[in-house]
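Numbering (our numbering), first residue to last: 26 to 227.
Report on one structure; see the data block that follows.
The structure is reproduced here in structure tokens:
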């Protein structure tokens, strides 16, 4: 299987729909972000271990979350739990050079791996930061969109506070994916999509 075939599988299944997201999936090769020993499984529609208790997420799940997030050209986006850098690269490809993507990771080895993988692409408007003791990236806030790739026990207030008015957060909470829209006057609208499994957000 190739990246193109994986993308076709996701579009045929109706998971990938938006043209900018489809184009990003065709351009950003998952094989560039999986450990070498799993290279022959890079296009499998399932998560793969990265070590340190972390995984690179299942392509169907990533596609589903990006479709819910609906990143747009020129937006500033926070990617929490950037891992090997795949979602950071996908987001950067979607927002384009007028945008900005900040991936944050708590495992030093994975932050370094993500930076190396990201360097395979000319996405100078994306970066991966090593963070400790804080959730997200308050110095660069507020963000138009926030994507979280690990499951929280409950909705983290510190991420909501880093979201612009009119912004959107897509986050796994326990075994569901939640889409949180921040309306004016600090009100939030929530939608739940159950039936997913993620590594825990720590």
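In this text, a Cβ means the ideal position worked out from N, Cα and C, and glycines have one as well.
### Query
In this structure, does DSSP put residue 217 in helix, strand or coil?
As a position in the chain shown, residue 217 is number 192, starting the count at 1. Strand at residue 217.
### Message
Let me check one thing: in DSSP terms, what residues is residue 153 bridge-paired to?
### Response
Along the chain shown, one-based indexing puts residue 153 at 128. Paired residues: 128.
### Query
Which residue or residues does DSSP assign as beta-bridge partners of residue 188?
Numbered from its first residue, the chain shown carries residue 188 at position 163. Paired residues: 168.
### Task
Could you name the residues of the same chain whose beta carbon sits closer than 6 Å to that of residue 125, not counting the 5 residues immediately before and after it, in chain order?
Counted from its first residue, the chain shown places residue 125 at position 100. So the list reads 101, 150, once near-sequence residues are dropped.
### Exposure of residue 96, with buried meaning 16 or more beta-carbon neighbours within 10 Å
Along the chain shown, read from residue 1 onward, the residue named residue 96 stands at position 71. Buried is the call here.
### Query
Among 77, 78, 63, which one has its Cα closest to the Cα of residue 71?
As a position in the chain shown, residue 71 is number 46, starting the count at 1. When only C-alpha atoms are compared, the closest one is 63.
### Query
Where does residue 37 sit, in a helix, a strand or coil, going by DSSP?
In the chain shown, the residue the question calls residue 37 occupies position 12. Note: residue 37 maps to helix in three-state DSSP.
### Message
Determine whether the beta carbon atoms of residue 119 and residue 139 lie at a separation below 8 Å.
### Response
Position 94 of the chain shown holds residue 119. Position 114 of the chain shown holds residue 139. Not in contact: residue 119 and residue 139 (Cβ atoms no closer than 8 Å).
### Query
Closest by CA to residue 192, which one among 176, 65, 214?
Counting from one through the chain shown, the residue named residue 192 turns up at place 167. Selected option, being the one with the closest Cα: 214.
### Message
If we require 3 or more residues per run, which beta strand (DSSP E) segments fall completely within the segment 47-84?
### Response
73-76, 79-81
### Query
When DSSP builds the beta bridges, which residues end up paired with residue 206?
The residue you call residue 206 lines up with position 181 of the chain shown. Paired residues: 193, 214.
#### Entry: Limits of the unbroken alpha helix (DSSP H) element including residue 141
Residue 141 sits at position 116 when you count from the first residue of the chain shown. It spans 133-143 - the alpha helix (DSSP H) in which residue 141 sits, taken as one unbroken run.
### Task
For residue 228, count neighbouring C-beta atoms within 10 Å of its own C-beta (all shown protein chains included) and say buried if the count is 16 or more, exposed if not.
Any answer about residue 228 is impossible in this case: the structure gives the chain only from 26 up to 227.
### Query
How big is the Cα-Cα spacing for residue 217 and residue 197?
The count along the chain shown starts at 1 and reaches residue 217 at position 192. The count along the chain shown starts at 1 and reaches residue 197 at position 172. Approximately 9 Å between the Cα atoms of the pair.
### Task
Please report how far the alpha carbon of residue 103 lies from the alpha carbon of residue 174, in whole angstroms.
Indexing the chain shown from 1 puts residue 103 at position 78. Indexing the chain shown from 1 puts residue 174 at position 149. For residue 103 and residue 174, the distance between alpha carbons rounds to 11 Å.
### Task
Pull up the CB-CB distance for residue 73 and residue 50, whole angstroms please, since I reckon it's below 8 Å.
What you label residue 73 is simply residue 48 of the chain shown in a count that begins at 1. What you label residue 50 is simply residue 25 of the chain shown in a count that begins at 1. Rounded, the Cβ-Cβ distance is 17 Å, inconsistent with contact.
### Message
Taking the alpha-carbon of residue 203 as reference, which of 136, 78, 89 has the nearest alpha-carbon?
### Response
The residue labelled residue 203 in the question sits at position 178 within the chain shown. The shortest Cα separation from residue 203 among 136, 78, 89 belongs to 89.
### Task
State the beta-bridge partners of residue 201 as determined by DSSP.
The residue given as residue 201 occupies position 176 in the chain shown. BP columns for residue 201 point to 198, 219.
### Task
Could you spell out the range, first to last residue, of the alpha helix (DSSP H) harbouring residue 116?
The residue given as residue 116 occupies position 91 in the chain shown. Residue 116 -> alpha helix (DSSP H) spans 111-120.
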